[in-house]
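Have a look at the structure below before the remarks.
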Amino acid sequence: MGLIILLVVGGVVGWLAGLIMRDNNGVILNVVVGIVGAILAGFIVTPLIGGAPITSGIISIESIAVSLLGAIVLLAIINLFRRGTVR
């Protein structure tokens, strides 16, 4: 069940990150970036703030916010390498 939640929330977060960054990489790349960003941010940032990561299957406002932040940062890094600018 946790994997399904991770995929759904990561996909939505990646889509939102693409909208926030005004990115034209495509929906598939944004969804993948959202999933990877959610995983990385869940393992790195969430223990620092004391919440449950999205990988545990618990959906909370802080886990979604951390996942969105991770997806935005990862999308900015990808844009930096692909275009030379963050936008």
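Take -5 as the starting number for the sequence shown in our numbering and just add one per residue. Backbone N, C-alpha and C fix where the C-beta goes; we use that ideal spot for every residue, glycine too. Since we're looking at a predicted model, the values are computed, not measured.
Straight through space, the alpha carbons of residue 78 and residue 53 are spaced by roughly 35 angstroms. Excluding sequence positions up to five before and after residue 6, its CB lies within less than 8 angstroms of the CB of 28, all in the same chain and listed in chain order. Residue range 40 to 43 is occupied by the alpha helix (DSSP H) that includes residue 41.
With fewer than three CB-CB distances shorter than 8 angstroms, the stretch 8 to 18 does not count as touching the stretch 33 to 42. Comparing alpha carbon positions, the residue from 67, 69, 42 closest to residue 56 is 42.
Exposure of residue 18 is indicated by the presence of fewer than 16 other C-beta atoms within 10 angstroms of its C-beta. The Cβ atoms of residue 1 and residue 48 do not sit closer than 8 angstroms to each other.
When rounded, the separation of the alpha-carbon atoms in residue 14 and residue 25 is 14 angstroms.
By the neighbour-count criterion, in which a residue is buried when 16 or more other Cβ atoms sit within 10 angstroms of its Cβ, residue 20 is exposed.
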